[in-house]
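Asks: What follows is a structure written as structure tokens; I'll ask about it next.
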Amino acid sequence: MEVKTSLLDNMIGVGDMVLLEPLSEDSFLDNLRKRFDHNEIYTYIGSVVISMNPYRSLPIYTPDKVEEYRNRNFYELSPHIYALADEAYRSLRDQDKDQCILITGESGAGKTEASKLVMSYVAAVCGKGQEVNKVKEQLLQSNPVLEGELKTLHPNSGAWGKYMDIEFDFKGDPLGGVISNYLLEKSRVVKQPRGERNFHIFYQLLSGASDDTLKKLKLDRDFSKYNYLSLDSAVVNGLDDAANFRTVRNAMQIVGFMEDEVQSVLELVAAVLKLGNIEFKPESRSNGTDESRIKDKNDLKEMCELLGIEQSVLERAFSYRTVEAKMEKVSTTLNVAQAYYARDALAKNLYSRLFTWLVTRINESIKAQAKTRHKVMGVLDIYGFEIFEDNSFEQFIINYCNEKLQQIFIELTLREEQEEYVREGIEWTNIEYFNNAVICDLIENNQNGILAMLDEECLRPGTVTDETFLDKLNTICAEHQHFESRLSKNSKFLTDHSLPHNCFRIQHYAGKVLYRVESFVDKNNDLLYRDLSQAMYKANHSLIKQLFPEGNPAKVNLKRPPTAGSQFKTSVGTLMRNLQTKNPNYIRCIKPNDKKASHIFTDSLVCHQVRYLGLMENVRVRRAGYAFRQAYEPCLERYKMLCKKTWPHWNGPAREGVEVLMADLQVPAEEFSYGRSKIFIRNPRTLFFLEERRRQCLQDLASLIQKIYRGWKCRTQFLLLKKSQIVVAAWYRRFAQQKKYQKIKSATTVMQSYARGWQARKLLRELKYQKRCKEAVTTIAAFWHGTQVRREYRKFFRANAGKKIYDFTIQRIMQKYFLGLKTTLPSMSPIDKNWPVRPYRFLDGVHKELRRIFHLWRCKKYREKFTEERKAVYEEKLEASEIFKDKKALYPSSVSQPFKGDYLEISKNPKYQKLNSAVDEKVLLADVVNKINRANGKGTARIFLLTKKSVLLADQKTGQVKASVPLPDVASVSVSTQSDGFFALKLKEGSASAVKGDFLLSSERLIEIITKLHRIGATTADRDQLNIDISDEFLVQFKQDKVCVKFIQGGPKNGSGVSCKRKNNRLLEVSVPTTA
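Each residue of the sequence shown is one higher than the last, beginning at 1 in the UniProt record's numbering.
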């Protein structure tokens, strides 16, 4: 059997621990150290990847590296996390198997970075396209939004656990994803361990936000002004908080957050900082008890302004606590300690619920939209095992989660693999390993588990303290082999007196961990006083009510909420069931030293991690077992093309087909074994050999398929061309015959037309000749008779008498014409268009000229009768014609209406006496107009007064002047082309009258108003002529806003009058009836 040499044979040390000889703990560590010293941070145990944290950047994650590992077999190249990511992705895409990437290890071992590398690789190798790229970018940008990274003992360790299901379609292109979060370390909001700092977003906001943003949030850039921010670790070397804040803002925009949502999130973050600055002081009451009072209410006031809460409501919630039973409600005061507890509880809940909302909001943006079944790849990045000097409830919960992950690793890689060999009848020597199920049962047992007893203590009546909880543990768990306390005894019945009285110890798979019971009960209860929840629900804020639904007074629930421990236990159970449905891929992360320094390899620390991760047992199982197994039917279906006897169809049992296949390939018998339902292949090289042969065979099959396809395509194309040629030939022959027929037909028609034309022309010539002959005879006869008559008459008349008679006749006709014209002249009205009819055609020129002269003379006489006032009226009418004729549909109806000016008779009407006295000059025009309200488009009746100096608007009922605009402040007037009466007085920018904006008015006498305004401007020397804009769409300035006034034809539905409606903040629409 020819096997292609793998690159695993030419590496520093051994790239796959399965091939390590001899296998011992020392050789295992020596191999890891040798590879680590040469920057080889990845090593295999079969299909498991060991990742050593180098604590520095290495040039092994470039795009070229991605292409190098793309579509390559797992053992073909040197060990790399990209190889595992590619194997998982191709299994999901090609074999339709859901995958999960389980990344485990201690805090600071590089789990978060490993998860980012897996996601970035999958994003790089999957499909392209605008929509696909958008989904990939959203999935990748969800990390900067959610990462609550801290400066802890390990710079990249997260303060929360994340599991992301990435969903793919049948082509392997990402469709979306779903993120689940686990146990945010919200206690860090109010208190941080020494040497660590709070969540990054607080420092990023203060460092990177603009001055305007900080002013709106009522924040200051100085970290020292906020009690919740640790000062000794506020600034981290190599960490640019300002740049990271911009990254977070950009990521939120890419994921799909609206600007108002981002602002709401920042307001809540600022509120948490303000909350930490609220301090309390004791105040004695008359009954001898102490109650708390807020020292400085400035931060409370600013926080309430940010969240839209009444200050008195929140101040009372910090001073009193209300306890509700079925039939009664009791209110008690809070002392200073309780007030601080309430403040911190609110800050923790506010931040944790905001974080949960962010996860939910991101899921809404990145979830797959299609309803069909999706392929899923899960990536688990969760806290590593934690052993600190002071371990509390958080470390207990985190280590419980790691126990469950270790258990699923044991079940899937050690126990189930060995059990499968037994089920399939494969010869197997059982390998002993530590099963941590007993530790998981100690913690999660529903009756006697530590979490169950903690919940029982939290829920029982009476005095409950951390000490009573520890007493219960000592009573029930004292004899458990993995539990130790001051009162328990070991297998030798000896008590460990080094244990403090307020601690207990659990022997985890990773080692012994000492837990201090202080605050276990409080942290498990996670109690937030009902008064604070109700105060938050009353907030006038777009986000707060969603975060505190239990504060709704209409939905009071007297049941205690589930404890933090029970919630986390349920979440972990759901996670484990989810992982068990997928094909696991393991990345075991190891930190080489505790100093976070490169090139340092601490043997004792690495050895400890190798032991508790069970890596040695994993190697032994892999060495003794089989690298690959598959059911006979899919195995035969995948590799049947490698043997002529099984290709293309095998008619017998699948197992016999596989046996024939392996015999034909001459695979050594020691390289595989036949189980009851599966074939087991021992060495990965054998699997690599089968895959390589299959790849070559697929190329040959592809060539055969291509050859057959090309032949079919060419024959189909030939037949199509042949059929097309026949059709083309038939159509061509038909076309040729048609063309020949049309040519003959056209020639025949031309010949016939020529013949008929010749005959017709011949007949026409003959008829014309006969007609000319008849006319010639008549003419000759007439001339002859005329000659004879003249000859006879010449005897009776003198010579040249004819001309004189003609001239006399003409004069008599003209005299009669002028006398008749004199008696029939039309009226002196210039608009009278009547004129006598001329008696003879030769008088046309004279008749027209006399009519023109008469009209000019009549107009002159008419003008001489005008008084100065009447002349001014007509001049206004003339000016109105020049402005509006053929431009405004309302103009024709105004021609016959005289311009009166003062329609209200201001000086005579006693009703307007007060208004008349307020005007100290002559009123040129007074009428009632409608002032259009910009808010709803409705009109308000106003008295419109025009003088030579100003325009005044007064109340119609009281006569009180509402507005007075000097005419120099009027910049222009805008009207429509329709038959409406709307006009806009536009004021000059910067003038005193322009403070409230322009005036939009409506009047039936629009033509007269605009004409008089224009005439005043034209007759005043020191004033610019008024601009008149005639358009069906113009802008009007209302205070600070510009509103578009748009005129449309159609009118209201009832067809009566003009209507004006406000469409939005920027548009007023005027409907005008359609003119005939």
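Beta carbons are placed, not taken as given, at the ideal position from N, Cα and C, and that holds for glycine.
With DSSP as the reference, identify every bridge partner of residue 582, one or two as the case may be.
Replies: In the sequence shown, residue 582 corresponds to position 582, counting from 1. None, per the DSSP bridge assignment.
Asks: What residue does the beta strand (DSSP E) around residue 103 start on, and which one ends it?
Replies: Working through the sequence shown from its first residue, we reach residue 103 at position 103. Looking at the DSSP string, the run of the beta strand (DSSP E) that includes residue 103 is 99-104.
Asks: Could you tell me which of 488, 510, 511, 509 sits nearest to residue 500, measuring between CA atoms?
Replies: In the sequence shown, the residue the question calls residue 500 occupies position 500. Here the closest residue by C-alpha is 488.
Asks: Excluding the five sequence neighbours on either side, which residues of its own chain have a C-beta within less than 8 Å of the C-beta of residue 950, listed in chain order?
Replies: By one-based count along the sequence shown, residue 950 stands at place 950. Excluding sequence neighbours, residue 950 sits near 964, 965, 966, 967.
Asks: DSSP on residue 609, reduced to helix/strand/coil?
Replies: Position 609 of the sequence shown, counted from the start, is the residue given in the question as residue 609. Here residue 609 sits in helix by DSSP.
Asks: Pick helix, strand or coil for residue 76, following the three-state DSSP scheme.
Replies: Locating residue 76 in the sequence shown gives position 76, where the first residue counts as 1. If DSSP states are grouped into helix, strand and coil, residue 76 belongs with coil.
Asks: How far does the beta strand (DSSP E) with residue 1044 in it extend, from its first residue to its last?
Replies: Here residue 1044 refers to the residue found at position 1044 of the sequence shown. That run of the beta strand (DSSP E) goes 1041-1049.
Asks: Could you check if residue 914 is buried or exposed, using at least 16 other CB atoms within 10 Å of its CB as the buried criterion?
Replies: Here the question's residue 914 lines up with position 914 in the sequence shown. Exposed: under 16 other Cβ atoms inside 10 Å.
Asks: If you follow the beta strand (DSSP E) that residue 63 is in, where does it begin and where does it stop?
Replies: In the sequence shown, residue 63 corresponds to position 63, counting from 1. Unbroken run through residue 63 is the alpha helix (DSSP H), 63-69; no beta strand (DSSP E).
Asks: Can you give me the C-alpha to C-alpha distance between residue 247 and residue 64, rounded to a whole angstrom?
Replies: Indexing the sequence shown from 1 puts residue 247 at position 247. Indexing the sequence shown from 1 puts residue 64 at position 64. If you take the alpha carbons of residue 247 and residue 64, they lie about 26 Å apart.
Asks: Whose CA, out of 638, 666, 536, 667, lies closest to the CA of residue 654?
Replies: The count along the sequence shown starts at 1 and reaches residue 654 at position 654. The residue with the shortest Cα to Cα distance from residue 654 is 638.
Asks: Short check: CB of residue 379 to CB of residue 115, under 8 Å?
Replies: Position 379 of the sequence shown holds residue 379. Position 115 of the sequence shown holds residue 115. Yes, these two residues count as a Cβ contact at 8 Å.
Asks: Measuring straight from C-alpha to C-alpha, what distance separates residue 932 and residue 976?
Replies: Sequence index remark: in the sequence shown, residue 932 carries index 932 (1-based). Sequence index remark: in the sequence shown, residue 976 carries index 976 (1-based). Those two C-alpha atoms are separated by around 15 Å.
Asks: Counting C-beta neighbours from all protein chains within 10 Å, is the total for residue 614 16 or more, i.e. buried, or is it exposed?
Replies: Here residue 614 is taken as the residue at index 614 of the sequence shown, counted from 1. Classification for residue 614: buried.
Asks: Since residue 334 and residue 319 are thought to touch, with beta carbons under 8 Å apart, how far apart are those beta carbons, to the nearest angstrom?
Replies: For the purposes of this step, residue 334 is taken as residue 334 along the sequence shown, with counting starting at 1. For the purposes of this step, residue 319 is taken as residue 319 along the sequence shown, with counting starting at 1. Rounded, the Cβ-Cβ distance is 6 Å, consistent with contact.
Asks: Are the beta-carbon atoms belonging to residue 202 and residue 269 less than 8 Å from one another?
Replies: Locating residue 202 in the sequence shown gives position 202, counting from the first residue. Locating residue 269 in the sequence shown gives position 269, counting from the first residue. Taking 8 Å as the Cβ cut-off, residue 202 and residue 269 qualify as a contacting pair.
Asks: Straight-line CA distance for residue 15 to residue 35?
Replies: Here residue 15 refers to the residue found at position 15 when the sequence shown is read from its first residue. Here residue 35 refers to the residue found at position 35 when the sequence shown is read from its first residue. Residue 15 and residue 35: Cα-Cα distance of roughly 8 Å.
Asks: With residue 1062 and residue 936 assumed to form a contact (beta carbons below 8 Å), what rounded beta-carbon distance in angstroms separates them?
Replies: Counting from one through the sequence shown, the residue named residue 1062 turns up at place 1062. Counting from one through the sequence shown, the residue named residue 936 turns up at place 936. Going by Cβ atoms, the distance from residue 1062 to residue 936 rounds to 5 Å, so yes, they are a contact pair.
Asks: Does the stretch 854-866 come into contact with the stretch 879-893, if we say contact requires no fewer than three beta-carbon pairs (one atom in each stretch) closer than 8 Å?
Replies: No: the two stretches stay apart, fewer than three of their Cβ pairs being nearer than 8 Å.
Asks: Do residue 166 and residue 377 count as a contact pair if the criterion is CB distance below 8 Å?
Replies: Counted from its first residue, the sequence shown places residue 377 at position 377. Counted from its first residue, the sequence shown places residue 166 at position 166. Yes.
Asks: Determine, using beta-carbon pairs with one atom in the stretch 582-593 and one in the stretch 79-99, whether at least three such pairs fall under 8 Å.
Replies: Yes, they touch.
Asks: DSSP state of residue 406, grouped into three classes?
Replies: In the sequence shown, counting from the first residue as 1, residue 406 sits at position 406. It is helical.
Asks: Among the residues of its own chain, which have a CB less than 7 Å from the CB of residue 491, if the five just before and after it don't count?
Replies: To locate residue 491, count along the sequence shown from 1; it is residue 491. Any reading at residue 491 is ruled out, since the residue's pLDDT is 44, under 50, leaving its predicted position unreliable.
Asks: Count the other C-beta atoms from every protein chain shown that fall within 10 angstroms of the C-beta of residue 998, then say buried if there are 16 or more, exposed otherwise.
Replies: Residue mapping note: residue 998 aligns to position 998 of the sequence shown, counting from 1. That one is buried.
Asks: Assuming residue 54 and residue 39 make a contact with CB atoms under 8 Å, what is their CB distance in whole Å?
Replies: Counting from 1 along the sequence shown, the entry for residue 54 is found at position 54. Counting from 1 along the sequence shown, the entry for residue 39 is found at position 39. 7 Å between Cβ atoms; contact.
Asks: Return the residue from the list 569, 863, 371 that minimises the CA-CA distance to residue 399.
Replies: Locating residue 399 in the sequence shown gives position 399, counting from the first residue. Closest option to residue 399, Cα to Cα, is 569.
Asks: Under 8 Å: do the stretch 59-77 and the stretch 93-104 share three or more Cβ pairs, one atom per stretch?
Replies: The stretch 59-77, when compared against the stretch 93-104, does not touch it at the 8 Å Cβ threshold.
Asks: Starting from the C-beta of residue 904, find all residues in its chain whose C-beta is less than 8 Å away, skip the five residues before and the five after it, and write them out in chain order.
Replies: In the sequence shown, counting from the first residue as 1, residue 904 sits at position 904. The residues are 912, 926, 927, 928, 943.
Asks: How long is the line joining the alpha carbons of residue 259 and residue 252, rounded to whole angstroms?
Replies: To locate residue 259, count along the sequence shown from 1; it is residue 259. To locate residue 252, count along the sequence shown from 1; it is residue 252. Going from the Cα of residue 259 to the Cα of residue 252 covers about 9 Å.
Asks: From residue 151 to residue 223, what does the alpha carbon distance come to, in whole angstroms?
Replies: Residue 151 sits at position 151 when you count from the first residue of the sequence shown. Residue 223 sits at position 223 when you count from the first residue of the sequence shown. Residue placement at residue 151 is poorly supported in this model, since its pLDDT is 38, which falls under 50; the coordinates are not used for a value here.
Asks: Against chain B, does residue 317 count as a neighbour if the rule is that its beta carbon must be under 8 Å from one of theirs?
Replies: Considering every chain present, this structure includes no chain B. It has just one protein chain.
Asks: Name the DSSP beta bridge partners of residue 974, please?
Replies: The residue you call residue 974 lines up with position 974 of the sequence shown. Answer is 984, 1029, bridged to residue 974.
Asks: Helix, strand or coil: which one does DSSP assign to residue 173?
Replies: Within the sequence shown, residue 173 is the residue found at index 173, counting from 1. DSSP places residue 173 in coil when its eight states are reduced to three.
Asks: Could you tell me the alpha carbon to alpha carbon distance between residue 1078 and residue 513, rounded to whole angstroms?
Replies: Residue 1078 lies beyond the residue range present for the chain, which begins at 1 and ends at 1076; the question has no answer from this structure.
Asks: Cβ atoms of residue 219 and residue 354: under 8 Å apart, would you say?
Replies: Along the sequence shown, read from residue 1 onward, the residue named residue 354 stands at position 354. Along the sequence shown, read from residue 1 onward, the residue named residue 219 stands at position 219. Not closer than 8 Å, so no.
Asks: Is the distance from the Cβ of residue 1083 to the Cβ of residue 594 below 8 Å?
Replies: A query on residue 1083 cannot be resolved here, the shown segment of the chain reaching from 1 to 1076 and no further.
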